[in-house]
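To start, the structure under review is shown below, and the notes come after it.
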Amino acid sequence: MTHSPTRRATAAALVFAPALLLGARAQAARRPTPSQTEGPFYPVKLPADSDNDLLRNGSRQYAKGLPAWVDGTVVDVQGRPVSGATVEIWQCDEAGHYHHPGDGGRADPDFQGFGRVTVGADGRYRFRTIKPVPYTGRTPHIHLKVRMGQRELLTTQLYVEGEPNNQRDGLWRRMGEEDRRAVTVPFRPAGDGLLQASFPIVLAA
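Throughout the sequence shown, residue numbering follows mature numbering (1 follows the signal peptide of the UniProt record, and there is no 0), covering -28 to -1, 1 to 177 in sequence.
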């Protein structure tokens, strides 16, 4: 008995259709990055130097701390890059102080403390900063905010994988296990004395 090409193609489609459907559902089911509090130290006034290199604050001197790249992509729940989104980060310096009037003006003057970058068609962002450090009451973290123009799309925090202080941090402990995994990333050696952390951002809308 012979089978026509059309019948064979139909049979193959029936075999592979469930797998294709599952793949499409998995792609559509990306979990949005969980939001977290902004905290009290978002800049009152954005610094004149607010590019993606936080290791230098308009000077030749490098900031104190362990230098690190922090990068990732900004996508929607279907995995599509969100072109034109602006990613902002801010964090304390190597001694645990923010560039903020509420922190007594004690921050490292060579550390920019805040940076922002607008992503292109590929959705990628990259910052050069320092590995975050703990301070009283908080585990090491970096604050992130994503905007589209003046509209805020997400405010969250990045945490360090394997950091013992995580278990003592109220905000980190309050999250469910899946949310913790989404915002807790390793800092690995990247060569040239820098560390590397990748933090993918998935926007709900």
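Positions of the beta carbon are idealized from the N, C-alpha and C atoms, including for glycine.
Counting along the chain, Glu60 sits inside the beta strand (DSSP E) bounded by residues 58 to 62. Put simply, the stretch 33 to 50 touches the stretch 62 to 69. At least three CB pairs are less than 8 angstroms apart. Taking C-beta atoms under 8 angstroms as the contact rule, Val174 and Pro4 qualify, at a distance of about 5 angstroms. Within the DSSP secondary-structure output, Tyr97 pairs in a beta bridge with Gly44. Ala79 places its beta carbon 9 angstroms or farther from that of Gly87. Asn138 and Gln63 have their C-alpha atoms roughly 16 angstroms apart. Under the three-state reduction of DSSP, Ala154 is assigned to helix. With fewer than 16 other beta carbons inside 10 angstroms of its own, Arg52 counts as exposed. Spanning the alpha carbons of Gln129 and Val155 requires a straight line of approximately 7 angstroms.
With contacts defined by Cβ atoms closer than 9 angstroms, Gly44 and Pro158 do not form a contacting pair. Residue pairing by DSSP places Leu26 in no beta bridge whatsoever. The Cβ neighbour count for Ala57, taken over all protein chains shown within 10 Å, is at least 16; the residue is labelled buried. Our two residues, Pro112 and Asp141, have alpha carbons roughly 9 angstroms apart in a direct line. In the DSSP assignment, Gly142 falls within the alpha helix (DSSP H) that extends over 142 to 146. DSSP places Glu124 in the uninterrupted beta strand (DSSP E) bounded by 123 to 132. The shortest C-alpha to C-alpha distance from Gln122 to any of Pro6, Thr90, Asp48 is the one to Thr90. Per the C-alpha coordinates, the member of Asp94, Val16, Glu133, Asn29 positioned closest to Ile114 is Glu133. DSSP, read as helix, strand or coil, puts Gln8 in coil.
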